[in-house]
Structures are given as C-alpha cells and as structure tokens.
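Chemist: Residue numbering for the sequence shown follows UniProt numbering, beginning at 198 and increasing consecutively. C-beta atoms are modelled at their ideal positions from N, C-alpha and C, and glycine is treated no differently. Structure below; questions to follow.
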Amino acid sequence: FLMLGPKYTSRKDEIGRLGQTFNDMISHLQEHDRKQKQFVADASHELRTPLTVIESYTSMLKRWGGNDPAIRREALDAVQSETRRLKNLIESLLKLAEFEREEQVKLDETALVPLVQETKEQLEQAFNREIRFTASEVSKHRRLLADAKKIKQLLIIILDNAIKYSREPIDVTLADVSGFAELKIADKGVGISQEDLPHLFERFYRVDQTRNRETGGTGLGLAIAKQIIDLHQGTIRFESEVGEGTTVTILLPWKAQTEQ
Ligand code: ADP
C-alpha cells in the first residue's frame, strides 16, 4: 500500500484533472451555444420591431392617407425613420458577421493622427458639434499596424456615442504611453451608471430603451468596437459618472520602432 499509494493517488488526480478539463470544455461550448441562440433571438426581435411599425403605418396610409395630409405626413415620417433604423441594424449585423468569419485581415502601417483628424472633421460637419483634438509630439511620429478602415469605424462609433449622449464639446487626446497609443475621448454628457458599465459591450445592450430609440441606436456599436479593439490587440475602458460625463480610454500597440 505504501508503495502503490502515492502513484495511485497521482493517477487518480490526473484522471480527475482530465475530467475537469473535459467538463470545462463542454460548459464552454454550451455557453457559446446559448449565447449564439440568444443572439439570433435578439436579432430577430430587433428586426421584427421596425417591420411591425412599417406594416401598421402602411395600413393606416392605405386606409386614411388619401384624404388626410396630416396622417400621410405622420405615416411617411414613421416609415422613413423605421426604414433607416432597419438599414442601420442590418449594416451593423453584417459588420459583426464579418468578424465572426475570421477572415485574414491585412494590417498596414497606419498613422493615427491624420485618421483621428479626418474623422473629427467629418463628424463635426455632419453633426454641427465641436470636437477638440490634441496629440502629443511623439504620437505624431509613430505608426500602428492596423486596418485603417476598421480603426476609423471604431473612432466613429465612440465619437458618435459621445455626440449622441452629450451637448458640450468633446475632447479627444492622443498620447504615447509605454509603447501604446493612448486615445481618450471625453464627453460631459449624461454618463453611464456603475451597474450598466460592465454590460456595454454586449450585443444589443442599451442603457435606456426609450432614450436610445430617440437617438436611433442599435446597441451593436460597442460590440463592434470591441471586436475591432481585439483584432488590434488593444484595450478599451469606460469611466463614467452619471450626470457628469464619460471618458473612453483606448490603448493600441504602436508598431515596434525597430521595424519602422
Ligand atoms: P447604441 O447604438 O445604442 O449607441 P452602443 O453599443 O454604441 O449602442 O452603446 C451601448 C449603450 O451604451 C448606449 O445605448 C448608451 O446607453 C451607452 N453609451 C455609450 N456611450 C455612451 C456615452 N458616451 N455616454 C452615455 N452613454 C453611452
């Protein structure tokens, strides 16, 4: 017994560990499957809602629209805005699906400052809002290894939220922090509560359904943003205070200098 004991115990441990690993794998797969089903259910619901609204306004238009210009106007406005909503939703879903396919992405040497500058100017024009941008000297000279189109998409998602949920000018700063580009996007808007913060990157998560319906959000923006961050081995962090505002901090690794 003395001879066999330890050996037997360690075998048993090994089998036990193997069993545990197997169980972990199974529950991981089950969790993945559950999330996938939930996603399909949520997506179907989100797609059906605007269609139901369009359908009922179209019926209204057919029945009463001929004689009543006010009804005609109301119905057409609703159909137009719900169609836009549906289009945004489908575009976002297609973007998410693109990441799921995990195709080979091509990362090129990319200067971040002109990309932020260009995005800032486009959004300032589109929304008639001020975005202040300052970049440190170092950050002007370094490059990322990145998919420029996707980084721009990321900037648009974060800046668009800052614009939607605040009224004051937005401050964007770019600095160099130990080998990383540190991008901070700060707004003085409505803020996000501590309970909501951990869920922001979940697909279809919206803090306030009614408020977000007005702002036309889909709840997919930050899920897409997270995919883009992961693709570039970066990190994204939200700090927020209700009624005070939100600061988003993004870290993206610079391309190693020896390679430049
Ligand atoms: P949406 O399309 O609804 O904006 P997102 O995934 O981009 O979806 O964001 C998820 C939710 O996070 C938003 O609905 C909003 O409630 C909250 N949120 C994101 N950014 C901000 C911000 N800068 N200020 C306040 N709330 C924000």
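Whole angstroms are fine: how far does the CA of L448 sit from the CA of E456?
Modeler: Note on E456: pLDDT 49, under 50, position unreliable in the model; the coordinate value appears next. The alpha-carbon atoms of E456 and L448 are separated by roughly 20 Å.
Chemist: On the DSSP bridge assignment, give the partners of F435 in chain order.
Modeler: In DSSP, F435 forms a bridge with V445.
Chemist: May I ask which residues mark the beginning and end of the alpha helix (DSSP H) holding F296?
Modeler: 266 to 297 is the span of the alpha helix (DSSP H), which, as asked, contains F296.
Chemist: Alpha carbons only, please: which of D344, R270, H338 is nearest the one belonging to Q301?
Modeler: The shortest C-alpha separation from Q301 is found at D344.
Chemist: Could you work out which residue in N264, P450, Q350, V237 is closest to D373 when comparing CA atoms only?
Modeler: Nearest of N264, P450, Q350, V237 to D373, Cα basis: P450.
Chemist: Please state the DSSP three-state secondary structure of V369.
Modeler: In this structure, V369 counts as strand in the three-state DSSP scheme.
Chemist: In this structure, does DSSP put F330 in helix, strand or coil?
Modeler: F330: strand per DSSP, three-state reduction.
Chemist: Determine the burial state of T443: buried for a count of at least 16 other Cβ atoms within 10 Å of its Cβ, exposed for fewer.
Modeler: So T443 ends up on the buried side.
Chemist: In whole angstroms, give me the CA-to-CA distance for A275 and E321.
Modeler: Distance between the alpha carbons of A275 and E321: 27 Å.
Chemist: Going by DSSP in three states, E315 sits in which element: helix, strand or coil?
Modeler: Reduced to three states, the DSSP call for E315 is helix.
Chemist: Report the three-state DSSP secondary structure of F401 (helix, strand or coil).
Modeler: In this structure, F401 counts as coil in the three-state DSSP scheme.
Chemist: What's the gap between the Cα of R270 and the Cα of R260?
Modeler: Distance between the alpha carbons of R270 and R260 is about 14 Å.
Chemist: Could you tell me which residues DSSP puts in a beta bridge with residue 459?
Modeler: The shown model of the chain, from 198 to 457, leaves out residue 459, and the question about it has no answer.
Chemist: At a threshold of 8 Å, does residue 141 count as lining the ligand ADP (C-beta to nearest heavy atom)?
Modeler: Nothing in the structure corresponds to residue 141, since the chain is present only between 198 and 457.
Chemist: For the alpha helix (DSSP H) that contains K423, what are its first and last residues?
Modeler: Looking at the DSSP string, the run of the alpha helix (DSSP H) that includes K423 is 418 to 428.
Chemist: Is it the case that the CB of G414 approaches a heavy atom of the ligand ADP more closely than 8 Å?
Modeler: It does: the Cβ of G414 is within 8 Å (strictly closer) of some heavy atom of the ligand ADP.
Chemist: Name the two residues that bound the continuous beta strand (DSSP E) containing I382.
Modeler: Taken as a continuous stretch (DSSP letters only), the beta strand (DSSP E) holding I382 covers 377 to 384.
Chemist: Assign I251 to buried or exposed, taking buried as 16 or more other Cβ atoms, counted over all protein chains shown, within 10 Å of its Cβ.
Modeler: Buried, by the Cβ-count rule.
Chemist: What are the partner residues of V374, as DSSP defines its beta bridges?
Modeler: Answer is F377, bridged to V374.
Chemist: Return the residue from the list Q430, Q454, L352, Q391 that minimises the CA-CA distance to V310.
Modeler: Selected option, being the one with the closest Cα: L352.
Chemist: Would A332 and L371 be called neighbours here (beta carbons separated by less than 9 Å)?
Modeler: Yes. Within cutoff.
Chemist: Hey, E306 and R340 are a contact pair by Cβ (cut 8 Å); roughly how many whole angstroms apart?
Modeler: With a Cβ gap of about 5 Å, E306 and R340 count as contacting.
Chemist: Helix, strand or coil for T218? Go by DSSP, reduced to three states.
Modeler: DSSP places T218 in helix when its eight states are reduced to three.
Chemist: For L356, collect the residues of the same chain with a Cβ closer than 8 Å to its Cβ; drop the 5 residues on either side in sequence, then sort them by chain order.
Modeler: Answer for L356: T316, K317, L320, I328, I367, V369, I382, listed in chain order.
Chemist: What did DSSP end up calling E306 once you bin it into helix, strand or coil?
Modeler: Strand at E306.
Chemist: Closest to G388 by CA distance: which of F296, S207, Y362 is it?
Modeler: For G388, the nearest C-alpha among the options comes from Y362.
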